[in-house]
Amino acid sequence: MSPLRKLIISLVIILVVSSSSVCNAFGLTAKVHVQVTNDLGEGLDLTLHCKSGDDDLCQHVVPFGESYSFHFRESVMGRTLFFCSMAWKEEFHMFDVYKQYRDDDKCGRDCLWFIRPTGPCLMINQTTTNLCYQWPS
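Here the sequence shown stands for residues -19 to -1, 1 to 118, where the numbers follow mature numbering (1 follows the signal peptide of the UniProt record, and there is no 0).
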């Protein structure tokens, strides 16, 4: 077999193995768990609708103190993104609850979010430290 043919075959094999669908099918990428907890206050329900580019997780109503969670496998390319719309009373906000490049080192495989009136807070690597974001104006 010629060196060029070997190179082409090697490149095709690398592309097939590194594609996210092949890696996901064989469990080669990390499984991530995201939990979103309603911390808005007594009597306030959180209406949550989360999506990615591939998945629509539908709308869920989360009572105060309760949580909604989901899991997925990360993209091999490092571009996994899940975003949610969040509504309560007269408030409506959008927030990225998982950005692979932002959250991979902050929450590892368990991303625990607390949704507060001032903004979402991420528990850093299951410690007592939270990283809080403000809702955009």
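Yeah, the Cβ is synthetic: ideal placement off N, Cα and C, and Gly gets one too.
Given the structure is predicted, the values throughout are model-derived calculations rather than measurements.
Exposure label - residue i; buried when at least 16 CB within 10 Å
{"i": "P117", "result": "exposed"}
{"i": "Y82", "result": "exposed"}
{"i": "F53", "result": "buried"}
{"i": "M67", "result": "buried"}
{"i": "E23", "result": "exposed"}
{"i": "S(-1)", "result": "With a pLDDT of only 49 at S(-1), under 50, the local geometry of the prediction cannot be trusted, and no value is derived from it."}
{"i": "S2", "result": "Unreliable positioning characterises S2 in this predicted model, as indicated by a pLDDT of 46, which lies under 50. The coordinate reading is nonetheless provided below. S2 is exposed by the Cβ-count criterion."}
Backbone CA spacing between residue i and residue j [nearest angstrom]
{"i": "D91", "j": "K(-14)", "result": "42 Å"}
{"i": "N111", "j": "C102", "result": "6 Å"}
{"i": "D86", "j": "F63", "result": "16 Å"}
{"i": "R60", "j": "P(-17)", "result": "34 Å"}
{"i": "W44", "j": "K70", "result": "One detail in the question is off: residue 44 reads as Pro in this sequence, not Trp. The alpha-carbon atoms of P44 and K70 are separated by roughly 13 Å."}
{"i": "E72", "j": "L21", "result": "11 Å"}
{"i": "C4", "j": "T18", "result": "Only weak support is given to the placement of C4: the predicted model assigns it a pLDDT of 44, under 50, and the value that follows is read from those uncertain coordinates. Approximately 30 Å, taken between the alpha carbons."}
{"i": "F76", "j": "Q107", "result": "21 Å"}
{"i": "Y49", "j": "M(-19)", "result": "55 Å"}
{"i": "H74", "j": "I(-12)", "result": "48 Å"}
From the options, residue whose alpha carbon lies closest to that of residue i
{"i": "M58", "options": "L(-16), Q16 and K80", "result": "K80"}
{"i": "G100", "options": "V78, D86 and D85", "result": "V78"}
{"i": "D84", "options": "L27, I105, K70 and S(-18)", "result": "I105"}
{"i": "L29", "options": "I96, Q107, T109 and M(-19)", "result": "I96"}
{"i": "D36", "options": "E55, G46, W94 and L27", "result": "E55"}
{"i": "E47", "options": "I(-12), D26 and H74", "result": "D26"}
{"i": "Q16", "options": "P98, C65 and I(-12)", "result": "C65"}
Element boundaries [beta strand (DSSP E), containing residue i]
{"i": "residue 133", "result": "No answer is possible for residue 133: the residues shown for the chain start at -19 and end at 118."}
{"i": "Q32", "result": "Per the sequence shown, residue 32 should be read as Lys rather than Gln. Unbroken beta strand (DSSP E) run through K32: L27 to K32."}
{"i": "S56", "result": "It is not in any beta strand (DSSP E) - S56 carries neither H nor E in the DSSP assignment."}
{"i": "I96", "result": "D91 to R97"}
{"i": "W69", "result": "L62 to W69"}
{"i": "P101", "result": "G100 to M104"}
{"i": "Q115", "result": "That residue, Q115, is in no beta strand (DSSP E); it is neither H nor E in DSSP."}
Span of the alpha helix (DSSP H) around residue i
{"i": "D85", "result": "Q81 to C88"}
If contact is defined by three or more beta carbon pairs under 8 Å, each pair taking one atom from either stretch, is the segment 83 to 90 in contact with the segment 8 to 22? Cβ pair count under 8 Å is three or more, so yes.
Should the segment 97 to 116 be called in touch with the segment 35 to 50, which here means at least 3 C-beta pairs below 8 Å? Counting Cβ pairs under 8 Å, fewer than three are found: no touch.
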